[in-house]
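Here the structure comes first, spelled out in C-alpha cells, and everything after it is commentary.
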Amino acid sequence: MNAATVRKDLLAILGQEKVLTEELDLMYYSYDSSFLTQLKSANPWAVVLPASTEDVQAVMKYAYENQIDVTPRGAGTGETGGSVALDGGIVIDLSNFNEIVEIDARNMQVIVRPGVIHAELNHALAEYKLFFPPDPGSSLMCTIGGMVANNASGLRAVKYGCTEQYVLGLEIVMPNGELIYTGGIKARTLKNVSGLNLTKLMVGSEGVLGIITQIRLRCWPRPEARGIAMAIFDSLDDAPATVLDIYQAGIMPSGMEILDKTAIDAVNMYKPEINLPVAEAILLFEVDGNPPSVEYEGRVIEEVAGRRARAVEWSTDPERMAELWEGRSVTATAAARVRSDGTRVFAGEDISVPLARVADTLRAIRKLAEKYEIQVVNYGHIGDGNVHTAPVINIDDPQEVERVNQLVNEIHLLAIEMNGSTTGEHGVGAVRRPYAELEHGLAVKYMQKVKNAIDDKGIMNPNKLF
Ligand SMILES: Cc1cc2nc3c(=O)[nH]c(=O)nc-3n(C[C@H](O)[C@H](O)[C@H](O)COP(=O)(O)OP(=O)(O)OC[C@H]3O[C@@H](n4cnc5c(N)ncnc54)[C@H](O)[C@@H]3O)c2cc1C
19 MNAATVRKDL
29 LAILGQEKVL
39 TEELDLMYYS
49 YDSSFLTQLK
59 SANPWAVVLP
69 ASTEDVQAVM
79 KYAYENQIDV
89 TPRGAGTGET
99 GGSVALDGGI
109 VIDLSNFNEI
119 VEIDARNMQV
129 IVRPGVIHAE
139 LNHALAEYKL
149 FFPPDPGSSL
159 MCTIGGMVAN
169 NASGLRAVKY
179 GCTEQYVLGL
189 EIVMPNGELI
199 YTGGIKARTL
209 KNVSGLNLTK
219 LMVGSEGVLG
229 IITQIRLRCW
239 PRPEARGIAM
249 AIFDSLDDAP
259 ATVLDIYQAG
269 IMPSGMEILD
279 KTAIDAVNMY
289 KPEINLPVAE
299 AILLFEVDGN
309 PPSVEYEGRV
319 IEEVAGRRAR
329 AVEWSTDPER
339 MAELWEGRSV
349 TATAAARVRS
359 DGTRVFAGED
369 ISVPLARVAD
379 TLRAIRKLAE
389 KYEIQVVNYG
399 HIGDGNVHTA
409 PVINIDDPQE
419 VERVNQLVNE
429 IHLLAIEMNG
439 STTGEHGVGA
449 VRRPYAELEH
459 GLAVKYMQKV
469 KNAIDDKGIM
479 NPNKLF
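Reading the sequence shown from the start, the letters are residues 19 to 484 in the working numbering.
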C-alpha cells in the first residue's frame, strides 16, 4: 500500500476535517523533542485527528486490514522519537480528543480522554481540592495519554511516584480495532485485584500495544502547605549522604533536587542576580502536607542537612521560597545558554542510578564530558537517583554531533554499569532501543512475545521500545 492510496482511503473514512495530507502539515509531525529527530526527521504518510473512540477504531481496523504502520501521538513533547513515524505510515494525533469526561470527586477519581493537557487537568481538579500528583516539566504541554504511554513523572515522584500509581483503568483500541477496558468495564473502585493487570501492562507501553482512548485516574488530596530548604555542600559526596540521612530521620520530602557545580555555574552565568553560592553541590528540598507537619519536617531537614552542609536555609514564606527555588526553576534554560553558539541536545538526558551511586555517576559524567570535549550541565531528582544531563553543542558542527553521540552512548552504558537504567522518566522510544537487551537480557524476548500476541501484524509503533 502506498502513501497516496492511504491518504485517499483515510479521507473517505474520516472526511477532510480529520485527515492531514499536505507536506507542510505532515512536517509538523516529523519530529518530537528528541535530538534523534532533530538530526533526522521523518514525515508520516498521513495524520488523522480523531474526535471519538469510533474514529480511532475505524482507523485501526483499516490499518490492520491493510497492514499499515500506526504511530499514536499526544503533544509530541517526548524525547525519544516515540511519537514519530520513523518508517512512514499513519500518525494518530490524539491531542484534540481532550475532554475531561467526569470528575468523580466522591470516589476520588477523574475520567479523561487522552488529549487533556496535564496542567489543565490539575487546574480543573483544584476546585475539588484534588490533584493528579505526577508533575513532568512539560506539564503545560504534554497530554495525559502521552503521560500514561510513557509512565511519566517529575521531581515529586520521590514522594508521589509515577503515573502508573494513579491509573485505575483504561479504554484501549487494540491494533485490530477491537475495544477493551482494563481495570473493570464498570468499575469505579480504588482497589481491584481481579484479573491479569492489563492496565499495568499498558502504562509505559509507549504506543506499541494499542491506542489509549480513555483514562480513569486516581486523584489525591491537594496539600495545604509547602516549605523549601536549600543546603550548600563543599563535597559532592555529602549531597547523597544527606539525602539518606533525611530518609533515616523518617522524612519523605515531596522533592529533593540536586544542582552540581556545572549547574550552579550555568545558573549564575544565565542570571547573575540569583547569585547561587559557589559550591560542589546544592540540594533543594520541598516539603508539602498540612501546616504543622510541614513546619516540623522542615525543621528536621534543617537540623539533619546542617550536619554535613556548609549552610542550610528553610522557609515557608512564599516570597523567600520562590527565591530559594529560582535557581532550580531556571536550570534547564540556563543549561542551554552556557555557550553563545550552543544548543542543548535532549539525549542521554534522564538516566537513573541508585542513590548510593549518584556522586560517582556525576563524577564519571564530568570525566566523559572532558574526554569528548563537550560542555555538560548536570542536575536532577536526587531523591530517586534521576540524573538530568544537558550536553550543549553547536549542532551545525558535524564533529561535535559525532562526539556528543559517542558521549551519550557512554552515558547510557554508564547508567547500566552503575546498576541503573538508561531512562528514569522519558522512556525508550527509538533512542534507547539499542540498550534493551543489555538492560533487560532474556526478558526482552518475552516482551517481544507479549507484543506479538497483542499486535500480531506488527503495525503498532514499530521499531520502538525493543
Ligand atoms: C521541556 C520538557 C520537559 C519534560 N519533562 C519531563 C519530566 O519531568 N518527566 C517526564 O516523565 N517527561 C518529561 N518530558 C518528556 C515528555 O513530556 C513526557 O514523556 C510526556 O508524558 C509525553 O507526553 P506527550 O503528550 O507529549 O506524548 P508524545 O510525545 O506525543 O508521545 C509519547 C509516547 O506516547 C505514545 N502515545 C501518546 N499518546 C498515546 C495514546 N493516547 N495511546 C497510546 N500511545 C500514546 C507515543 O506513541 C509515544 O511513544 C519533558 C519534555 C520536555 C520537552
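Ideal Cβ placement from N, Cα and C applies to all residues, glycine included.
Handout entry: Cα-Cα separation between Ser333 and Gly100, rounded to whole angstroms
Key = Within the sequence shown, numbered from 1, the residue matching residue 333 stands at position 315. Within the sequence shown, numbered from 1, the residue matching residue 100 stands at position 82. Taking the straight line joining both Cα atoms gives about 41 angstroms.
Exercise for the section: Report buried or exposed for Lys463, applying the criterion of at least 16 other Cβ atoms within 10 angstroms of its Cβ. Expected result: One-based indexing of the sequence shown puts residue 463 at position 445. So Lys463 ends up on the exposed side.
Handout entry: Residue interval of the beta strand (DSSP E) (run including Leu380)
Key = Sequence index remark: in the sequence shown, residue 380 carries index 362 (1-based). No beta strand (DSSP E) holds Leu380; the alpha helix (DSSP H) holding it covers 376-390.
Handout entry: Classification of Gln266 by the beta-carbon crowding that lies within 10 angstroms, buried from 16 upward
Key = As a working mapping, residue 266 is identified with position 248 in the sequence shown. Counting Cβ neighbours within 10 Å, Gln266 comes out exposed, since fewer than 16 surround it.
Handout entry: Contact test: Asn479 Cβ vs ligand 1 heavy atom, cutoff 6 angstroms
Key = For the purposes of this step, residue 479 is taken as residue 461 along the sequence shown, with counting starting at 1. Indeed, a heavy atom of ligand 1 lies less than 6 angstroms from the Cβ.
Practice task
With DSSP collapsed to three states, give me the class of Thr260.
Solution key: Here the question's residue 260 lines up with position 242 in the sequence shown. Thr260: helix per DSSP, three-state reduction.
Handout entry: Residues that DSSP places opposite Met248 in a beta bridge
Key = Within the sequence shown, the letter at position 230 stands for residue 248. In the DSSP output, where bridge partners are listed per residue, Met248 has Leu302, Glu331.
Exercise for the section: Give a yes or no on whether the C-beta atoms belonging to Cys237 and Leu148 are separated by under 7 angstroms. Expected result: Here residue 237 is taken as the residue at index 219 of the sequence shown, counted from 1. Here residue 148 is taken as the residue at index 130 of the sequence shown, counted from 1. Yes, the pair counts as a contact, with Cβ atoms nearer than the cut-off.
Handout entry: Same chain only: Cβ atoms within 7 angstroms of Ser157, ignoring 5 sequence neighbours per side
Key = Here residue 157 refers to the residue found at position 139 of the sequence shown. The residues are His136, Ala137.
Handout entry: Val426 versus Met478, Gln232, Thr71, Asp368, residue with shortest Cα-Cα distance
Key = If you number the sequence shown from 1, residue 426 lands on position 408. The candidate whose alpha carbon is nearest that of Val426 is Asp368.
Problem - Pick from Ile233, Tyr82, Pro271, Ile110 that is closest to Lys475, judged by C-alpha positions - result: The count along the sequence shown starts at 1 and reaches residue 475 at position 457. That would be Tyr82, whose Cα lies nearest to the Cα of Lys475.
Practice task
Please classify Tyr199: does DSSP put it in a helix, a strand, or coil?
Solution key: In the sequence shown, the residue the question calls residue 199 occupies position 181. Strand, per DSSP.
Exercise for the section: Can you give me the start and stop residues for the beta strand (DSSP E) that Gly316 sits inside? Expected result: Locating residue 316 in the sequence shown gives position 298, counting from the first residue. Per DSSP, Gly316 belongs to no beta strand (DSSP E); it is in the alpha helix (DSSP H), 309-323.
Problem - Which listed residue (Val191, Val285, Ala64) has its alpha carbon closest to that of Gln34 - result: What you label residue 34 is simply residue 16 of the sequence shown in a count that begins at 1. The candidate whose alpha carbon is nearest that of Gln34 is Ala64.
Handout entry: Distance cut-off 6 angstroms: Thr95 Cβ against heavy atoms of ligand 1
Key = Counted from its first residue, the sequence shown places residue 95 at position 77. Yes.
Handout entry: Meets three-Cβ-pair contact criterion under 8 angstroms: the stretch 112-129 and the stretch 65-79
Key = yes
Handout entry: Inter-stretch contact at 8 angstroms, needing at least 3 Cβ pairs: the stretch 251-263 / the stretch 211-224
Key = no
Problem - Nearest candidate by alpha-carbon position, reference Glu499, set Val119, Ile434, His444 - result: Absent from the structure is residue 499, since the part of the chain shown begins at 19 and ends at 484.
Handout entry: Cut-off 6 angstroms between Cβ atoms - residues of its own chain near Val312, not counting five sequence neighbours on either side
Key = Residue numbering aside, residue 312 sits at position 294 when the sequence shown is read from its first letter. Contacts found: Ala243, Gly245, Val305.
Handout entry: Under 7 angstroms between C-beta atoms of Thr207 and Val185
Key = To locate residue 207, count along the sequence shown from 1; it is residue 189. To locate residue 185, count along the sequence shown from 1; it is residue 167. Not closer than 7 angstroms, so no.
Exercise for the section: Go to Met339, then tell me how far its alpha helix (DSSP H) extends in each direction, as first and last residue. Expected result: Along the sequence shown, one-based indexing puts residue 339 at 321. First-last of the alpha helix (DSSP H) with Met339: 336-347.
Handout entry: Cutoff 6 angstroms; reference Thr361; Cβ partners in own chain excluding five residues on either side
Key = Residue 361 sits at position 343 when you count from the first residue of the sequence shown. Only Ile413 meet the Cβ criterion.
Exercise for the section: Please name the residue, chosen from Gly228, Tyr199, Lys204, that lies closest to Leu214 on a Cα-to-Cα basis. Expected result: If you number the sequence shown from 1, residue 214 lands on position 196. With distances taken between Cα atoms, Leu214 lies closest to Tyr199.
Practice task
Look at the Cβ atom of Thr181, then the Cβ atom of Ala170, and state whether they are nearer than 7 angstroms.
Solution key: As a first step, residue 181 must be located in the sequence shown, where it is residue number 163. As a first step, residue 170 must be located in the sequence shown, where it is residue number 152. Their beta carbons are under 7 angstroms apart, which means Thr181 touches Ala170 by this criterion.
Exercise for the section: Could you tell me the boundaries of the alpha helix (DSSP H) in which Met78 lies? Expected result: For the purposes of this step, residue 78 is taken as residue 60 along the sequence shown, with counting starting at 1. Counting along the chain, the alpha helix (DSSP H) containing Met78 begins and ends at 71-84.
Handout entry: Own chain partners of Phe303 with C-beta closer than 6 angstroms, once the 5 adjacent residues on each side are dropped
Key = For the purposes of this step, residue 303 is identified with residue 285 of the sequence shown, where counting begins at 1. Cβ neighbours of Phe303 beyond the five flanking positions: Ala247, Pro271, Met274, Ile319.
Exercise for the section: Return the bridge partner residues of Ser370 from the DSSP annotation. Expected result: In the sequence shown, the residue the question calls residue 370 occupies position 352. Paired residue(s): Asn404, Ser439.
Practice task
Please confirm whether any heavy atom of ligand 1 lies closer than 6 angstroms to the CB of Gly155.
Solution key: What you label residue 155 is simply residue 137 of the sequence shown in a count that begins at 1. Yes, the beta carbon of Gly155 sits closer than 6 angstroms to at least one heavy atom of ligand 1.
Practice task
Could you please give me the residues that DSSP links to Asp111 through a beta bridge?
Solution key: Locating residue 111 in the sequence shown gives position 93, counting from the first residue. DSSP lists Arg91 as partners of Asp111.
Exercise for the section: Measure the alpha-carbon distance for Asn140 versus Ala93 and round it to whole angstroms. Expected result: Counting from 1 along the sequence shown, the entry for residue 140 is found at position 122. Counting from 1 along the sequence shown, the entry for residue 93 is found at position 75. Answer to the nearest angstrom: the Cα atoms are 17 angstroms apart.
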